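The block underneath contains the structure these notes are about, expressed in structure tokens.
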Amino acid sequence: MSDYLLEMHDITKDFNGVKAIDGIHLQVRRGECVGLCGENGAGKSTLMKVLSAVYPYGTWSGQILWEGKELKARNIRETEEAGIVIIHQELMMVPHLTVAENIFLGSEPRNKAGFIDYDLMNAQAEKLMARLKMSDINVALPVYNYSGGKQQLVEIAKALNKNAKLLILDEPTSALTTSETRTLLDLIKEFKANGMACVYISHKLDEVAEIADTVTVIRDGTHIGTQPMAELDTNKIITMMVGREMKNLFPREAHTIGEVVFEAKNISCWDVTNRERKVVDNVSFELRKGEILGVAGLVGAGRTELACKLFGCWNGDHEGKIFLEGKEISVRAPRDAVRLGICMVPEDRKRHGIVPLMGVGYNITMSVLKRYTSGGFIQSEAELAEIQNQIIRMKVKTAEPLLPIASLSGGNQQKAVVAKMLLPEPKVLILDEPTRGIDVGAKYEIYKLIFELAKQGVAVLMISSEMPEVLGISDRVLVMGEGKLRGNFVNEGLTQEKVLAAAIGQPITEAA
Amino acid sequence: MTLTKKDVRKFLSEYKIVALLIVIVIIWAFFGYLTYDSELGGSQFLTPRNFSNLLRQMAITGMLASAMVFVIVAGEIDLSVGSLLGLLGGIAAVMDVTYSLPLWQTITVVIAMGLFFGLMVGWLTAYLGIPSFIVTLGGQLAFRGMVLGLTGGITIAPVHPELKFIGQGYLPELAGNAGGVLLFLVLVFLAFRTRSNRQKHNLSVPTMPAEVGRLLFAGLIILGFVLTLNDYQGVPVPVLVLLIILAVFTVIGNKTTFGRHIYAVGSNMEATRLSGVNVAYVKMMVFALMGLMCAFAGLTTTARLAAGTPSAGFGNELDAIASCFIGGTSMRGGVGSVSGALVGAVIMASLDNGMSMMGIDTFWQQIVKGIILVAAVYMDIVSSGNQRG
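Chains as they are written, first to last, in the UniProt record's numbering: chain A, 1 to 512; chain B, 1 to 389.
Have a look at this one:
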């Protein structure tokens, strides 16, 4: 009798002869949390898809033991019945259904006549939400009324309702605020105490360090190691993940800051649906040639909205003046911005960054395709030559230059999107969460690129929710909160505490 | 080397067009066998005469399908093309029959009207944001109403011989041969220019024997095509027009920024907009092209019937849409090719033609075509591994 709830032995899965994962082991005891770490494309998602039978039994090799017996699930329903529930990075909610309807989607309680028993459903949903200490949620309201963090908890309620014995959380906090993350982590600890097991996949290693009992690291589809967290620290995990020592996460390089190149004056934006609500409130700032300006703030501070307005893609009402090289400019659509020399790498890569079905190369040349035309016709060879240059320059890992971009890992997709926005040779580059959801190695390369651009005199506006990143990269930091500009600091001796205090709107007290 | 199921699937999804050509061969062989008549000394389906007929029958659907591919790839749909074809064909008939205007005036006005209506549909969809399904469903009703008003519900005939030539004429044998040779020379020129350009940019090139082999194969197909048609009466004018459209549209799709942007808009409109592309303009121009093709198809229809009829083009939008889907265009946008759609149109026309020849009732023909459409899209889903459930 083994004391493991789940044992995965020697799991190998290949796609057309290319091994995505090769001989991976993973064991989970009852009441244990296993942290699963690895760079993007290391094979974490593939492993979880094998476990949850997205890839059914028989399409991979190896053995899965569930409660000591071999598991041969053919589809997700069977794994869920066994008690394995996966919560994906992207929330799988139906926005217009109520909280209760979402929780019971596919397992709606029915009355004698065969219709949905709403009273029973809502009552049970309320019980579940109470267990999650979320009694303030109205289960009869459509789910879109609630923030990403609350929706995440609804997802977990859904899992509880399925009698989950093993909860798999894939990057659960990537879209959560600090306090929402706190709630989630505390909840997982409580589940552990009650005997539930979990697999926690995250790039945020401090969360893994806090919550995991054991950590398994995989790299390039192979098993690197499994150790108790007590014997590890985040630096050791990083070393295991990248296979090399990462001493300096932020490769700072000296660069000269020149004259003011870009200026935003009294920018305000209003919400698209709720037209009374100001999401950006009278923000003004300057940006200098070769300067890296970080924009910090909590989720919902209005940073993305500000970036959208500057790039000409804010759909709601807006006002304010924008100056480029001393002249006032009118940016009514992204194409105006690109033409004038303002480029933006958007926050949501999947929705706003990539054209999924198109080749990597065609994504890269999208903004400047006209350059490779002669007499109105694309000169394919000239375009392809440029694509290969860019792929080499940005170190995009792709088997072929014209492989659909959707088949690449997140980090490589991001590099391609950045390449696309560099080809127009911008004077001002706006980066909105440029390293969200990408691995350490790709992050490092993007940081290096930012410094290289600053050296060339490009003004960089970088929005980021990762405080160490803001402090590690920026020359100057803007702090936003509730749509207002709450701080403008030169990045010398600046601390996370100071930035956070400004973001929440506390008066800054110089503590010792 | 052993061929596994996976290899076959991979080959078919990468060379969709090959799979479709195999389907055509099967359909032709099937009808060829069923229409074999020993008294008449051979198969009635596989004759130069029938081949010529079949191509003429598919020409109108083909013209519509060529532009419909772009509409669907851009993530939209156009249900109004059958009615618009009828309206433009009706305008051509009225100008030619009632007012006896010169042919060049008729053609110019019809093309201008086609572009105008196309731009209007495109503007309503792309700039005002009304879903194309609704705009073109409205267009279907409105345009058909206009045809009825314009013709007074009666057939307008007979049209002048010059107009008739557009739909019923044939190229003289010499012109057909010359065209074939010219096409072959253009292919050779393009192949070697691409080769030298690729070498200039240090890109890999196929080996010389492979290149020559490929060209010889293309040459053989052109030769067979022209000789077969010349064996009957020559290359039909509408087929020639369709071939030119195929060439022009393929170049638009693969070699112009506009074409690239159509595919990008259909795959992810927001990302394309944020890349600095004027997505509304791209969508509007796609509908303008569709309007232009309605003008071509309308003129051809009137010329072929030698008359303008109030029901001309009825239901043609469905044939065009079906051809696109059979030809591998994706419902979700972003994927599809003009050549695929035309092969789809050939498949539809072959079914029509073969079944008519066998004397099968029209109602059966419709049932079979419906089943084939659904089956073809299912095959596509299986081969691309996009199954749900």
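The beta carbon of each residue, even a glycine, is placed where N, CA and C say it ideally should be.
These numbers come from a predicted model, not from an experiment.
| Check | Outcome |
| --- | --- |
| Helix, strand or coil at Cys313 of chain A according to DSSP, with G and I counted as helix | coil |
| Same chain, Cβ closer than 8 Å to Leu20 of chain B, neighbours up to 5 away in sequence not counted | Ile326, Gly327, Gly328, Gly340, Val343, Gly344, Ile347 |
| Gly82 of chain B vs Gly313 of chain B beta-carbon contact at 8 Å | yes |
| Residues bridged to Glu328 of chain A [DSSP beta-bridge criterion] | A:Phe323 |
| Backbone CA spacing between Asp475 of chain A and Val99 of chain A [nearest angstrom] | 44 Å |
| Helix, strand or coil at Lys16 of chain B [DSSP, three-state] | helix |
| Nearest neighbour of Thr79 of chain A, chosen from A:Leu51, A:Leu132, A:Lys69 [CA to CA] | A:Leu51 |
| Ile156 of chain B versus Val212 of chain B - alpha carbon distance | 52 Å |
| Residues near residue 515 of chain A by beta carbon distance below 6 Å, same chain, minus five either side | Look at the range of chain A in this structure, 1 to 512, and you will see that residue 515 of chain A is not part of it. |
| 4 or more residues per run - each alpha helix (DSSP H) lying fully within the segment 475 to 509 of chain A | 496 to 504 |
| Assigned exposure category for Ile438 of chain A - 16 Cβ within 10 Å defines buried | buried |
| Lys420 of chain A, buried or exposed, once every other Cβ within 10 Å from all chains shown has been counted against 16 | buried |
| Chain B within 8 Å of Pro334 of chain A, Cβ atoms only | yes |
| Amino acids of chain A, ordered along the chain, whose beta-carbon sits closer than 9 Å to that of Ala303 of chain B | Residues of chain A passing the Cβ test: none, with the nearest at roughly 31 Å. |
| Whole runs of the beta strand (DSSP E) within the segment 193 to 255 of chain A, excluding any shorter than 3 residues | 197 to 201, 214 to 219, 222 to 228 |
| Beta-carbon proximity check, Leu88 of chain B vs Gly298 of chain B, cutoff 8 Å | yes |
| Best match in A:Asn363, A:Arg277, A:Glu101, A:Asp271 for proximity to Leu274 of chain B [C-alpha to C-alpha] | A:Asn363 |
| Own chain residues within Cβ distance below 8 Å of Gln496 of chain A, not counting five before or after | Met467, Pro468, Leu471 |
| Within-8 Å CB hit, Leu292 of chain B to chain A | no |
| Any chain A beta carbon closer than 8 Å to Ala341 of chain B | no |
| For Met1 of chain A, three-class secondary structure by DSSP | Low local confidence applies: a pLDDT of 42 at Met1 of chain A is under 50, so the model's placement there is unreliable, and no value is given. |
| Terminal residues of the alpha helix (DSSP H) in which Glu381 of chain A lies | 380 to 393 |
| Given 8 Å, three or more beta-carbon pairs between the segment 193 to 213 of chain A and the segment 168 to 180 of chain A | yes |
| Test: Asn177 of chain B CB closer than 8 Å to a CB of chain A | no |
| Minimum Cβ-Cβ distance from Thr373 of chain A to chain B less than 8 Å | yes |
| Cutoff 8 Å: Ile367 of chain A Cβ touching any chain B Cβ | The sequence shown places Ser at residue 367 of chain A, rather than the Ile named in the question. For Ser367 of chain A, the answer is yes, since a Cβ of chain B falls inside 8 Å of its Cβ. |
| Own chain, CB closer than 7 Å to Ile224 of chain A, minus 5 neighbours either side, in chain order | Val217, Ile218, Met240 |
| Closer than 9 Å at the beta carbon, the chain B residues around Met344 of chain A | Leu274 |
| Distance, Ile504 of chain A Cα to Val458 of chain A Cα | 31 Å |
| Ile86 of chain A versus Leu232 of chain A: straight-line alpha-carbon distance, rounded | 26 Å |
| CB contact below 8 Å: Cys313 of chain A versus chain B | yes |
| Gly234 of chain B, buried or exposed, once every other Cβ within 10 Å from all chains shown has been counted against 16 | buried |
| Closer than 7 Å at the beta carbon, the chain B residues around Met358 of chain A | Tyr263, Ala264, Ser267 |
| Test: Glu270 of chain B CB closer than 8 Å to a CB of chain A | yes |
| Of the residues B:Thr250, B:Glu162, B:Ile22, the one placed nearest Phe377 of chain A, counting alpha carbons only | B:Thr250 |
| Residues sharing a beta bridge with Glu317 of chain B, DSSP | BP columns for Glu317 of chain B are empty, so no partner. |
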